[in-house]
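For the protein sequence lines, the chains are A and B, in the order given. In terms of our numbering, the first sequence opens at residue 1 and continues consecutively. In terms of our numbering, the second sequence opens at residue 1001 and continues consecutively. Don't be surprised by glycine CBs; every beta carbon is placed ideally from N, CA and C. In this text the structure is predicted, and so the values were computed from the model without any measurement. Input: a single structure, listed below in structure tokens.
Protein chains: 2
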Amino acid sequence: MRDLLGGKGAGVAEMTKAGLPVPPGFTITTEACNAYYEAGKQFPPGMWEQALAALRIVEQQTGKTFGDRHNPLLVSVRSGAKFSMPGMMDTVLNLGLNDETVQGLVEQTGDERFAYDAYRRFIQMFSKIVLDADPREFEQKLDEYKERTGASSDAELPASALKELVAEFKQIAERQSGQPFPTDVYEQLKRAIEAVFASWNNKRAIDYRNFNKIPHNLGTAVNVQSMVFGNMGNDSGTGVAFTRNPSTGEKELYGEYLLNAQGEDVVAGIRTPSKISRLKEELPQVYEQLQEIARRLERHYRDMQDMEFTVERGRLYMLQTRSGKRSARAAVKVAVDMVEEGLISEEEAIRRSDPTQIYQLLLPRFDEEAKARAHKEGRFLARGLNASPGAAAGKAVFDADRAEELGKAGVPVVLVRPETSPDDVHGMLVSKGILTARGGATSHAAVVARGLGLPCVAGCEGIRVYEEEKLFRVVGSDVVIREGDEISIDGDTGEVFAGVIPTVEPNFEKETELQKLLSWADRIRKLGVWANADYPRDAQRAVTFGAEGIGLCRTEHMFMEQERLPIVQKMILAKTPEERQAALDQLLPFQRSDFIGIFETMVNPRTGECYPVVIRLIDPPLHEFLPNYEELLVEVTRLEATGADPEALKEKKALLDAVAAMREMNPMLGLRGCRLGLLFPEITIMQTRAILEAALEVAQKTGKKPQVKIMIPLVGHVNELREVRRQLEAVAKEVTAEAGSAVEYKFGTMIELPRAALTADQIATVADFFSFGTNDLTQTTFGFSRDDAEGKFLMKYVDGLDAPGLPEKVKILPVNPFQTIDRDGVGQLVRMAAEKGRAANPQIELGICGEHGGDPSSIEFFHEVGLDYVSCSPFRVPVARLAAAQAALSKSEKDK
Amino acid sequence: MRDLLGGKGAGVAEMTKAGLPVPPGFTITTEACNAYYEAGKQFPPGMWEQALAALRIVEQQTGKTFGDRHNPLLVSVRSGAKFSMPGMMDTVLNLGLNDETVQGLVEQTGDERFAYDAYRRFIQMFSKIVLDADPREFEQKLDEYKERTGASSDAELPASALKELVAEFKQIAERQSGQPFPTDVYEQLKRAIEAVFASWNNKRAIDYRNFNKIPHNLGTAVNVQSMVFGNMGNDSGTGVAFTRNPSTGEKELYGEYLLNAQGEDVVAGIRTPSKISRLKEELPQVYEQLQEIARRLERHYRDMQDMEFTVERGRLYMLQTRSGKRSARAAVKVAVDMVEEGLISEEEAIRRSDPTQIYQLLLPRFDEEAKARAHKEGRFLARGLNASPGAAAGKAVFDADRAEELGKAGVPVVLVRPETSPDDVHGMLVSKGILTARGGATSHAAVVARGLGLPCVAGCEGIRVYEEEKLFRVVGSDVVIREGDEISIDGDTGEVFAGVIPTVEPNFEKETELQKLLSWADRIRKLGVWANADYPRDAQRAVTFGAEGIGLCRTEHMFMEQERLPIVQKMILAKTPEERQAALDQLLPFQRSDFIGIFETMVNPRTGECYPVVIRLIDPPLHEFLPNYEELLVEVTRLEATGADPEALKEKKALLDAVAAMREMNPMLGLRGCRLGLLFPEITIMQTRAILEAALEVAQKTGKKPQVKIMIPLVGHVNELREVRRQLEAVAKEVTAEAGSAVEYKFGTMIELPRAALTADQIATVADFFSFGTNDLTQTTFGFSRDDAEGKFLMKYVDGLDAPGLPEKVKILPVNPFQTIDRDGVGQLVRMAAEKGRAANPQIELGICGEHGGDPSSIEFFHEVGLDYVSCSPFRVPVARLAAAQAALSKSEKDK
């Protein structure tokens, strides 16, 4: 139904069927829209005739006649795609008015002012949407009339003025479009339908679909519905309401309404509306009816609904219902609550949760002390609505284009607008947060920000935004924030501050609903979820987030610590094997204590048993530990040029030569990974000894046996691994002999070079486990150096390149392959290696420790390929737990 | 037979069967050798008994008895592996002598001096080979006796002195070995056999096998043969002879002999022997018999033979025959002559030719004028034997270890030795040429150098080499050449010069035998052979060498030329599209004229039709065309430090910033290849226009239609190729419209990234051809940056790494994968891409343009995979033609 009728059309149809009060209407299908485009923007044969037939039925249902000068039927014409695209497409209200039918409206309502107000609104809207006229001229003329008549709002304009305005508006429309304003109501309808079809392919809509990965070939439906009026006095009104709080997930009606107003007044945020709870006092029967409808809709759709309604002279009409957008926190709470209310199953709760939203829940928030300090220092500026949760800090920017420019350059920006409109979306996409001076919790800014997972403070009336001057002033003070000044906004509280406030991590342990959801995910998923962690504190966080092991512990970070680096440099620059060994002997106790810390941390909190820990031996080229070559070069050149300090020069020069000898053209493909260990076995031997001694010590101290897995990086040929394994086994034998008790460990390798994947059958014969290093594998498979590619061309590949002779940019890659695994290429190697590895060694354990381990789409792929676990950064562990469960559900559905 | 008996044993057995005069003997098989090693260095059961039984038969045949004090049988014990390893393994002569049997020898020969000389030689040799004694002490003692008796050569030592020497030698042997010298002749035999077995695994033998890629598990046979003596007077002698001249291939007996000498005197080069043609005068009957035997052996073996013979009192004995090592030139001439003599088929001539030798034939030689100038300048030093053809220049080095050290560091060295021995081979392997003061054309130095394809001047008696002082003096002058001084040697003429003489290319057109051989190869081979050439002069050479197309014309070399580089830099640093276009407009005519030159050159000399030319659009990162960053950094730092010339500083700083902005961490994987064209389409468009306009111009001028193939580098995703193709087609349309006549071209891509190979089915849908760029494909598949890897670890991977706890080095890779394609990994991708490409686009043309295109083993693989052509450097085209024919022959044999 949604495919054909769009979300809105399907909602209206279902509500009608369920006997809810819905203004009569009909829907032109998405199929018709697509046929319209295929026919070169012509209505497909028969479509118009069917529409007219449907219109006749609406006439019968309402007892009104379209174009009738006594009892005219007025309609709204709205778009409605399969997936909600709030504010992205166009709507025309009050269609069916002309100089004759407006008289009929006067007769029907007995309200001349209302009728001419409706008429002028129609002309204004139709001109903008259908005739593509510049709306500003209409606004100016309206302001002119308000001034002239001394009216402080639209509602105060007398009927006489409105009559004149209608005439003026028609003239403006005629001048701008070069043709008389259409008086034939059927022509009005036809052209409005065409305009809705056309709105499917306007820039805003395309941008939105690109960002939200909605296909471009779905088309939009057109909903034609008889008008009801919320602006017929104070027993009329219009509003939007969620069946639950879209920010917190609480089970309560949540929304806003305006009495004596039409729908667009609420959405546009021009008048600040009342909270829905006030309706209980203002129109108690309507409120009660709305609550009952909310219950029925939730039972029907088994999801939280976002409803639009209008009250016409005390009578409630439902205009639309759809699944409500919600914050990450609300999404989790609603899903978990609905399971407990018996509305949906646990699987359904998993299926409809969005793993990337989960990630947002775990994002840092403002440090409370720092925030208190900001208050004390007088940096608090104002408070608005907490429209979308999360904290953001960045440079204030006052237009979307500038936000896009800076944001794409990596500058954190907060977009500040009087209010936002669909024209601002491209800037919102790259901002860290949104601040608006006007509009409520369901305003454009708030809805879009929640959808994007961006912090948003809306309707912040304590600031006044001057777009042209690119600044905002704080009301009642002389504080001015200009473009480029730092500000911080708290989407959880609505507070706005000057300057940057540092952030802290949220408390995962207190997220009880999330914990519940993830515990269901754990029951469903087949993939293990491990974490990448180099330090005990990371490991601790990983366990808290539910990781069942360390999939990647990088030992080189340990080398970088301040007190160790000089020893590491001594080791690298050693002139004799003895010097090198002496440095390594100094490093051994450091490494051992690092590993002790990690082994002690990685304990299953339920069973008390040790989790597996995969420790990767040293990987980066040794020159990464040495001083920077170019800095040395500059120093030496300077010392030479000035002639000062010949002793220092000599020393620096010697160091420069040593560093120069180790430099590489392409260090990514140079002397690193297992190649280091093969050339300098004493490093590998030291690391292995540190690992095994640490495991023995922990076992002795705690009585628990660490699950040690030693991993060799950058293997390309089985002989490399074979030789390293031989060396390691010798060390293990030594350590065992010294300790008098055997140390157990598994031995494995990264699969991060194409050749390793291609010859995985050979490599599997000497490995107990494989861990796919999909970062490096992506680099070598594509021939992309990530350091160079992302800045220089990769983002253009994803966003689209200027293509000479073509109107549109050409996209080379659908997604950034470093974020989501490239299934055709890199994925093919992963699948091949998994199959070959298992065939040669059925006991082999397969995991992945690249960044893709925390990406839901990639996790789905790894599940399909049949890996044993994914390993990702600790923060992404909850994401991975959920995504892994979703992958299992989707696979088992596919297999059905 | 050769497998079991080794080359020598099989030769002797065959000669015996053919009724040739061979001293009776028997052979212990390679199987026995392997069984000996398997049993932990124990004779396998029954072996010794069989040897004794065979010895009994030899006793019957010779009428002598082993160990008999009156009529003793003496034997030689020699190694003999399947593949000839000259001088690599050990031999014991005169075995069976002790204080008693020596009396029998006196009785037999009536020559006491001879008998005791044989005895002392036996003790000396047995001590060195079997008892592992230091040979120098024996030599010193011998010299002492010569001095004491006033003998100027061994032959002048009187019997009495020799008797004493025998006693002294036995004492030396006992002292060094810690046990009495064995007097039991059976013990002598047993231990000699063991020593030969052991010699299979000595360092020299292992090194030789590694270098020549001979498997280590073949084992050696042991040949036990009754002794004949060439040192029984002037009607006796010993020599070696080739059935044809191993240097030129001329059909004539070629070799040397010494009268009154034993075999090792010739091989060791201690006395300078006579040319074989002198034998016609000294022993005419023997000479005639030898000629007849040579004819019979060639008919039997259908190959040139290398024979060892001894004349004992006028009677000729054949000791050994084997296929003779020969120079590249000789190899070709012998093969072609033998086809014309009806001895072998064309296929056989192809099969037994060595493609890498062909390459040597085409190596540069000394420039004649430069050589004449060297003569005029008095730089000529001396003339020796032209022992192995070719020219070499480099630093003189006087010991093999130093040669190895410098040679591996890339320094060209010429190894200068009094004479060489197997202990020098490791140094010879890395030298550019060999110069010895002593020894003939069949001396160790000469034989090994010819085998290695190294120029060698041997027996250069005009110089005197002082090993210890690391210098040589030119006899009759005061010229001294010390270690590190440059010298040049001409292996074709035997000349030696001081200083470096520049080289020129050989004249391929005059190599008529080679031309004939290659024309047969052309008939047999299935693979096309194309060449990589960037300039018309390279293209011309390629056609001369028989290339049938250009498989890779790199356009960026054209950018590097002096007058163009400033324009290229202007193009790269352009601040506006207009500036960039202006620079490109200037480059266009240059590129067009480049392509015109190449199209005009690439014409089939037989048919007059154009050969295909694959032109690759710009590939390297643009910063390669800019000034070096570090040099700029030093300049700027210097200008800053000295405070001089603020204008220059400002300018340099701006340039530094521009260059800095373009630098990359890993340029190999950065903004290069098709990525450049996608980001800067105007470059691709200019290049395409230049190519197509050039083709049109050539067609108009010559009436011949160039076969244009435009190739896109570094494609990883089909969308990249699709977009470039779209842009190119637009240019082609424009050029066609402007010219009024259509221009034809094919469009294809390099397959040089793993992802391209993995998704070749997708890519093939938009490509007319693939060309495998196996250099880059090897880099990305292995994760090896060639610039870094070869110097830093790859050669160690191939040569072997020190392995802690192991006595031997551990080899990681069997060969350098940049020289010979890695079939398991990179080859797997090539095969996959060929199959997927053909399946998706059956018309697709498949070639390879990496360096592997000129490597015989890789060519065999490309033939098996079914590529259409290989493309290599022009010099390697003849190699590839031959190797491709061999691949076809070997495949059709396998398929049988």
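Check                                                                                                                                                                         : Outcome
Just verifying my parser: in three-state terms, what is the DSSP assignment at residue 1566 of chain B?                                                                       : helix
Using a beta-carbon distance cut-off of less than 8 Å, what residues from the region 1817-1845 of chain B approach chain A?                                                   : 1822, 1824, 1825, 1826, 1828, 1829
Is residue 77 of chain A near residue 95 of chain A, with beta carbons less than 8 Å apart?                                                                                   : yes
I need the DSSP call for residue 1072 of chain B, collapsed to helix, strand or coil.                                                                                         : strand
For residue 495 of chain A, write down the residues that DSSP places opposite it in a beta bridge.                                                                            : A:383, A:490
Taking C-beta pairs closer than 8 Å, name the residues in chain A that residue 1213 of chain B reaches, listed in chain order.                                                : Residues of chain A passing the Cβ test: none, with the nearest at roughly 17 Å.
Residue 223 of chain A CB to nearest chain B CB: under 8 Å?                                                                                                                   : no
Using 10 angstroms around the beta-carbon of residue 1985 of chain B, count the other beta-carbons present and answer buried if the total reaches 16, otherwise exposed.      : Because chain B in this structure spans residues 1001 to 1896, residue 1985 of chain B falls outside the shown range and cannot be described.
Can you list the alpha helix (DSSP H) stretches of 4 or more residues lying completely in the region 524-561 of chain A, in chain order?                                      : 536-544, 556-559
Let me know the secondary structure DSSP gives residue 1170 of chain B once reduced to three states.                                                                          : helix
Taking only beta-carbon atoms, is residue 646 of chain A less than 8 Å away from chain B?                                                                                     : no
Provide the residue span of the beta strand (DSSP E) that contains residue 456 of chain A, from first to last.                                                                : 456-458
Any contact between the region 811-831 of chain A and the region 690-709 of chain A? By contact I mean 3 or more CB pairs, one from each, below 8 Å.                          : no
Would you say residue 788 of chain A faces chain B, with C-beta separation under 8 Å as the test?                                                                             : yes
Check whether the Cβ of residue 332 of chain A lies closer than 8 Å to any Cβ atom in chain B.                                                                                : no
Would you mind working out which of A:39, A:228, A:210 sits nearest residue 115 of chain A, comparing C-alpha positions?                                                      : A:228
For the beta strand (DSSP E) containing residue 1758 of chain B, list its first residue and its last residue.                                                                 : Not the beta strand (DSSP E): residue 1758 of chain B falls in the alpha helix (DSSP H), residues 1754-1758.
Looking only at its own chain, which residues have a Cβ that is under 7 Å from the Cβ of residue 1508 of chain B, when we skip the five neighbours before and after it?       : 1362, 1544, 1545
Do we get a CB-CB distance below 8 Å when we pair residue 1670 of chain B with the residues of chain A?                                                                       : yes
May I have the straight-line CA-CA distance separating residue 1461 of chain B from residue 1383 of chain B, to the nearest angstrom?                                         : 8 Å
Using beta carbons (cut-off 8 Å, strictly below), is residue 641 of chain A in contact with chain B?                                                                          : yes
Ends of the beta strand (DSSP E) at residue 1001 of chain B?                                                                                                                  : First-last for residue 1001 of chain B: undefined, no H or E at that position.
Output yes or no for whether 8 Å exceeds the beta carbon distance between residue 973 of chain B and residue 1464 of chain B.                                                 : With chain B covering only 1001 through 1896, there is no way to say anything about residue 973 of chain B.
For the 8 Å Cβ check, are there 3 or more pairs between the region 1292-1303 of chain B and the region 1243-1261 of chain B?                                                  : yes
Using three-state DSSP, classify residue 223 of chain A as helix, strand or coil.                                                                                             : strand
For residue 744 of chain A and residue 718 of chain A, what's the separation of their Cα atoms in angstroms?                                                                  : 23 Å
Looking at chain B, is there any beta carbon in it that lies within less than 8 Å of the beta carbon of residue 666 of chain A?                                               : yes
Identify which residue in A:205, A:526, A:847, A:698 has its Cα closest to the Cα of residue 423 of chain A.                                                                  : A:205
Note down, in chain order, each residue of its chain lying with its Cβ closer than 6 Å to the Cβ of residue 1008 of chain B, except the 5 sequence neighbours on either side. : 1080, 1223, 1320
Quick one, which residues of the region 28-45 of chain A are near chain B if we go by CB-CB under 8 Å, in chain order?                                                        : none
Would you kindly work out how many angstroms separate the C-alpha atoms of residue 664 of chain A and residue 1686 of chain B, rounded to a whole number?                     : 34 Å
Could you tell me which chain B residues have their CB closer than 9 Å to the CB of residue 785 of chain A, listed as they occur along the chain?                             : 1664, 1665, 1666, 1667, 1668, 1669, 1670
Name the two residues that bound the continuous beta strand (DSSP E) containing residue 707 of chain A.                                                                       : 707-712
Output yes if chain A places a C-beta closer than 8 Å to the C-beta of residue 1180 of chain B; else output no.                                                               : no
Between the beta-carbon of residue 1353 of chain B and the beta-carbon of residue 1331 of chain B, is there less than 8 Å?                                                    : yes
Measuring straight from C-alpha to C-alpha, what distance separates residue 1137 of chain B and residue 1181 of chain B?                                                      : 16 Å
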